[in-house]
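Numbering (this note's numbering), first residue to last: 37 to 206.
Glycine included, each C-beta is placed from N, C-alpha and C at the ideal position.
Report on the following structure.
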């Protein structure tokens with residue numbers, strides 16, 4: 037029920053972060069959408085945790101909070117002037133943590149939407165790995181990471197959120 041809400045804001049933040057990484061948005065301006073998305077996804081996670089009935093529900097909350105912390109950390113880095121290496125190492129942790137979710141989701145998929153979600157988890161793992169390479173190891177992948185972030189925002193979050201909000205099924 038709350039998936040379209042989270043996906044809409046994840047789509048917005050990924051699109052805007054991709055534009056920011058490409059130099060189209062100022063460092064100070066990107067703080068607001070990252071902070072807002074961190075708060076919205078954390079609120080969704082809190083509501084979901086209160087309603088949790090089993091380990092699968094708690095796993096979904098944990099996965100959501102990985103996004104929330106990432107966006108909060110981006111906002112913090114822009115305010116504090118940090119170089120992002122800590123976020124890069126956290127991104128490696130996240131990339132490795134979501135891979136089992138991708139495998140589990142793809143193995144259990146019986147619908148196109150479930151298959152799409154499994155592929156999204158793979159895409160997000162790859163994206164977080166790019167953040168690790170770009171931030172923690174300071175490899176020269178900023179342009180590619182910006183493009184991957186922008187495309188991921190559109191294809192894994194924004195468009196699916198619109199589909200779900202206007203009658204599609206999860």
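Find the nearest neighbour of residue 76 within the set 127, 103 and 163, judged by alpha-carbon distance. Residue numbering aside, residue 76 sits at position 40 when the chain shown is read from its first letter. Out of 127, 103 and 163, 103 has the C-alpha closest to the C-alpha of residue 76.
Considering residue 38, what are the terminal residues of the alpha helix (DSSP H) in which it resides? For this step, residue 38 is matched to residue 2 along the chain shown. Unbroken run through residue 38: none, as it is neither H nor E.
Tell me whether residue 170 sits in a helix, a strand or coil according to DSSP, three-state version. To locate residue 170, count along the chain shown from 1; it is residue 134. Reduced to three states, the DSSP call for residue 170 is helix.
Just to confirm, does residue 181 get its C-beta within under 6 Å of one of the non-hydrogen atoms of the ligand FAD? Judged by which ligands are present, the structure shown has none, so any question about the ligand FAD falls away.
Beta-carbon proximity list for residue 93, same chain, < 6 Å, skipping 5 on both sides: In the chain shown, the residue the question calls residue 93 occupies position 57. Excluding residues within five positions, none has a Cβ falling inside 6 Å.
Same chain, Cβ closer than 6 Å to residue 127, five either side skipped, listed in chain order: As a working mapping, residue 127 is identified with position 91 in the chain shown. 164, 167 and 168.
Residue 47 versus residue 188: straight-line alpha-carbon distance, rounded: Within the chain shown, residue 47 is the residue found at index 11, counting from 1. Within the chain shown, residue 188 is the residue found at index 152, counting from 1. In a straight line, the C-alpha of residue 47 is about 8 Å away from that of residue 188.
Cα separation between residue 196 and residue 81? Numbered from 1 along the chain shown, position 160 holds the residue referred to as residue 196. Numbered from 1 along the chain shown, position 45 holds the residue referred to as residue 81. So the two alpha carbons sit approximately 19 Å from each other.
In whole angstroms, what separates the C-alpha of residue 67 from that of residue 176? The residue labelled residue 67 in the question sits at position 31 within the chain shown. The residue labelled residue 176 in the question sits at position 140 within the chain shown. Each residue's alpha carbon lies about 23 Å from the other.
Report back the beta-carbon spacing between residue 145 and residue 151 to the nearest angstrom; my notes put them in contact at under 8 Å. On the chain shown, residue 145 is found 109 positions in, with the first residue counted as 1. On the chain shown, residue 151 is found 115 positions in, with the first residue counted as 1. That pair is a contact at about 4 Å.
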